[in-house]
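The sequence shown: position 66 = 66 (our numbering), numbered continuously.
The next block holds one structure in the form of structure tokens; read it before the comments.
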Amino acid sequence: AGSVGVENIFLTSGASEAITMLMTALIKDSSCGVMIPIPQYPLYSATLDLLGGHKVGYYLDEHSNWGMNIAELERSLAEAKQNGINVVG
């Protein structure tokens, strides 16, 4: 395991504030989107709606302990690009 320098730590008053700050920094206009898992924490979609960004959903694999699947991530990213969404983050 590696170490993390103090200059690489950013503190917030909670997860909700951190998510909002991060997405605000990422979403510059209505062409931007962020990949979010399905099922997901509702704050992700609510914040993206508020900022005018796109939700780029990808499905988690319930049969693999809700793990990610590279093929599903690639499918979701390709679909977003095909629809003119600039996936950021």
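Glycine included, C-beta positions come from ideal geometry on N, C-alpha and C.
Keep in mind it's a predicted model, so treat the numbers as computed, not measured.
Go ahead and pull the three-state DSSP assignment for residue i.
{"i": "Y41", "result": "coil"}
{"i": "I70", "result": "helix"}
{"i": "K81", "result": "helix"}
For residue i versus residue j, is the C-beta distance shorter than 7 Å?
{"i": "L77", "j": "V87", "result": "yes"}
{"i": "S30", "j": "G2", "result": "no"}
By Cβ distance below 7 Å, which residues in the same chain neighbour residue i in space, the five residues on each side in sequence not counted?
{"i": "L26", "result": "C32, V34, V88, G89"}
{"i": "G84", "result": "S31"}
Compare the C-alpha of residue i against each of the options and name the closest.
{"i": "L37", "options": "L60, G5, E17", "result": "First, the residue type needs correcting, since residue 37 is Pro and not Leu in the sequence shown. Minimum Cα distance to P37 is reached at L60."}
{"i": "D49", "options": "M23, K81, P39, I70", "result": "M23"}
Ignore the nearest five residues each way along the sequence and tell me which others in residue i's own chain have a CB closer than 8 Å to its CB.
{"i": "M68", "result": "P37, Y58, L60, D61"}
Can we say the stretch 24-39 touches the stretch 54-62, given the rule of at least three CB pairs closer than 8 Å?
-> yes
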